[in-house]
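Undergrad: Residue numbers (this note's numbering): 1104 to 1189.
Virtual Cβ for every residue (Gly too), placed ideally from N, Cα, C.
Since the structure is predicted, the reported quantities are computational estimates derived from the model, not experimental observations.
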């Protein structure tokens, strides 16, 4: 266990940030799942609406460092292509 005061504070901060990041990742995954379900159902309008909701969540995750920006761009691009193909 940490004995230096700054190390103790760093542990406290890491615990707080971990909970925030986990909730952010959970929101992102939930929104992506809604997009995938709409695509698999073949509903173009619902899939487009779900992607419009998921896209800001993804970009926010990239901005906050939870996900890599290339990963986010790839996911958005692939979902857009799948929706366009419907």
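#1: Assign residue 1146 to one of three DSSP states: helix, strand, or coil.
#2: Assuming residue 1179 contacts residue 1161 (C-beta within less than 8 Å), just tell me the rounded distance between them.
#3: According to DSSP, is residue 1184 helix, strand or coil?
#4: Pick out whichever of 1189, 1119, 1131 has its Cα sitting closest to the Cα of residue 1166.
#5: For residue 1095 and residue 1168, which I take to be in contact (beta-carbon distance under 8 Å), what is that distance rounded to the nearest angstrom?
#6: What does a CB cutoff of less than 7 Å around residue 1151 pick up in its chain, not counting 5 residues either side in sequence?
#7: Using only the alpha-carbon positions, how far apart do residue 1182 and residue 1118 sit?
TA: The answer reads as follows:
#1: Taking the first residue of the chain shown as position 1, residue 1146 is located at position 43. Annotated three-state conformation of residue 1146 is coil, per DSSP.
#2: In the chain shown, residue 1179 corresponds to position 76, counting from 1. In the chain shown, residue 1161 corresponds to position 58, counting from 1. That belief holds up - the Cβ atoms of residue 1179 and residue 1161 are roughly 6 Å apart, short of 8 Å.
#3: Indexing the chain shown from 1 puts residue 1184 at position 81. In the structure shown, residue 1184 adopts helical secondary structure according to DSSP, grouped into three states.
#4: On the chain shown, position 63 is the one that residue 1166 refers to. Of the candidates 1189, 1119, 1131, the one whose C-alpha sits nearest the C-alpha of residue 1166 is 1131.
#5: One cannot answer for residue 1095 here, as it falls past the ends of the chain, which runs 1104 to 1189.
#6: Taking the chain shown and counting its residues from 1, one reaches residue 1151 at position 48. Exclusion of the five residues before and after residue 1151 leaves 1186 as the residues of its chain whose Cβ lies within less than 7 Å of its Cβ.
#7: The residue you call residue 1182 lines up with position 79 of the chain shown. The residue you call residue 1118 lines up with position 15 of the chain shown. If I take the Cα positions, the gap works out to 33 Å.
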